[in-house]
Structures are given as C-alpha cells and as structure tokens.
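Asks: Pasting a structure here, questions to come.
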Amino acid sequence: MSELDDALFLIDPNDSESSPARRTLSFRRTPTVLLNFAANRFTRNAARYYQKQFGIGAMDWRMLVMLSREPGSSVSHAAKTIGIDKAAVSRSLQRLEKMNLVSAKASGPDERRKDWTLTPAGARMHDEILIVALERQRQLLTGFSKAEVEQFTDYLARFLSNLDTLADDTTDD
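Heads up: the sequence shown at position 116 corresponds to 271 in our numbering, and the numbers run straight through without jumps.
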C-alpha cells in the first residue's frame, strides 16, 4: 500500500529503561501531527484576531466564506463542505443571525430545513475581513515561492482526498 516505513514517523523520547516515556509519533516528522498542530494554532490565532477585530470567531468567518461561495447553503451542506459537525455550523449561523449578518429561509415543507444567505451587512463584513485574511495568508506563506505554494496546496488537496477515502471506509451503511 505504501513504501513509507513506520520508523519515519516514530521517536523514542527516552532511551532510559526507568523512564515512563514510550515510543510514539514524532512531533516534528509526522505529517498528520504537524497538520493537526498547525490547524489548531492557526484556528486559535485566527479566532482571537477575528474576535478582537471584527467581533466574530474563526468558525463564523468560515461560514461567511461558505455563504459567499455558495449562497443558500443548508446546515448539512455547509457542515459536509467545511468538514465541521452540524451542531457547530448551526451555532455559528445562530450567532451570525443575531448579528444580522446572515438570514435563513425555510426550504420545502420541513420548516426546520433552511437555506442560509448573507445579508448586505454580512457581505460587507466578509469583504472587509477578506482583505485582512489575504494579508494574514501572505504572512503565513512568507518564504514560499509561488511554485511551492501551488505544490503545498496540491499536497493538502491530495491529503484531503485520501482522508475522504479513509472516512468512506468508516461510515456505517
């Protein structure tokens, strides 16, 4: 399946037999660990910044982006697209609705199923944050060439595709 040897990802943190430390994943050489650490730090940093500057959290910003890309999205569709659980999407949309940044319209006979769109105020906030988000992205990618950014993006896209395949293997039928 893969030519990658487990030793590439493992570390023996302490060679002493009396130490409780055990052989485990390396924090520096394991892509999944690094990706997790990077995502956590990125989200925490973005959440603090967007909360301070705009009064919304990172999840709320994701929803503004989602609804800018795909107006009329349902909670289920947004959750699947972003890869976040439906409850977190619903909470974010409720916060944004209270701030008059999004609005919902029932779709079909089930009043609980709603399609969400940005309000004019939400579209303005999106556009304002987008300028800042692009600058923050440029800062995060300092030292990367255009080709490296394209390659990095391709790696992440392939990783997500593999993750989707792995998730397909664990879903209940």
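All C-beta atoms in this analysis are idealised placements derived from N, C-alpha and C, irrespective of residue type, glycine included.
Taking DSSP as the reference, what is the three-state secondary structure of Ile237?
Replies: Of the three classes helix, strand and coil, the one that applies to Ile237 here is helix, per DSSP.
Asks: Since Met218 and Leu251 should fall inside the 8 Å C-beta cutoff, what is the C-beta to C-beta distance between them, to a whole number of angstroms?
Replies: Going by Cβ atoms, the distance from Met218 to Leu251 rounds to 6 Å, so yes, they are a contact pair.
Asks: Evaluate Lys269 with the Cβ neighbour count: other Cβ atoms within 10 Å of its Cβ, from every protein chain shown; 16 or more gives buried, anything less gives exposed.
Replies: Its Cβ being crowded by 16 or more others within 10 Å, Lys269 is buried.
Asks: Only counting runs of 4 or more residues, tell me where the alpha helix (DSSP H) segments fall wholly within the stretch 219–286, in order along the chain.
Replies: Listed in chain order, the complete alpha helix (DSSP H) runs (minimum 4 residues) inside the stretch 219–286 are 230–237, 241–253.
Asks: Thinking C-beta only, is His281 closer than 7 Å to Ser228?
Replies: No, these two residues do not count as a Cβ contact at 7 Å.
Asks: Can you tell me whether DSSP reads Thr308 as helix, strand or coil?
Replies: Residue state, collapsed to three classes: helix.
Asks: State the beta-bridge partners of Ile211 as determined by DSSP.
Replies: Bridge partners of Ile211: none, in fact.
Asks: Using the DSSP secondary-structure output, state which residues sit across from Leu296 in a beta bridge.
Replies: DSSP lists no partner for Leu296.
Asks: Can you grab the Cα-Cα spacing for the pair Met214 / Ser173, in whole Å?
Replies: Distance between the alpha carbons of Met214 and Ser173: 45 Å.
Asks: Hey, Thr274 and Val287 are a contact pair by Cβ (cut 8 Å); roughly how many whole angstroms apart?
Replies: The pair is not a contact, with the Cβ atoms about 20 Å apart (cut-off 8 Å).
Asks: Measuring straight from C-alpha to C-alpha, what distance separates Ala193 and Thr187?
Replies: Going from the Cα of Ala193 to the Cα of Thr187 covers about 10 Å.
Asks: I need the DSSP call for Thr179, collapsed to helix, strand or coil.
Replies: Correct three-state label for Thr179: strand.
Asks: Can you give me the C-alpha to C-alpha distance between Leu163 and Phe209, rounded to a whole angstrom?
Replies: Distance between the alpha carbons of Leu163 and Phe209: 42 Å.
Asks: Can you name, in chain order, every residue of its own chain whose Cβ lies under 8 Å from the Cβ of Asn169, other than the five neighbours on each side?
Replies: So the list reads Ala176, once near-sequence residues are dropped.
Asks: Just how far apart, CA to CA, sit Ile239 and Gly212?
Replies: Computed Cα separation, rounded: 14 Å.
Asks: Helix, strand or coil for Pro168 per DSSP?
Replies: The answer is coil: DSSP assigns Pro168 none of H, G, I, E or B.
Asks: Quick one: grab the DSSP three-state call for Asp323.
Replies: It is helical.
Asks: Determine whether the beta carbon atoms of Ala234 and Val244 lie at a separation below 7 Å.
Replies: Cβ distance < 7 Å, so Ala234 and Val244 count as in contact.
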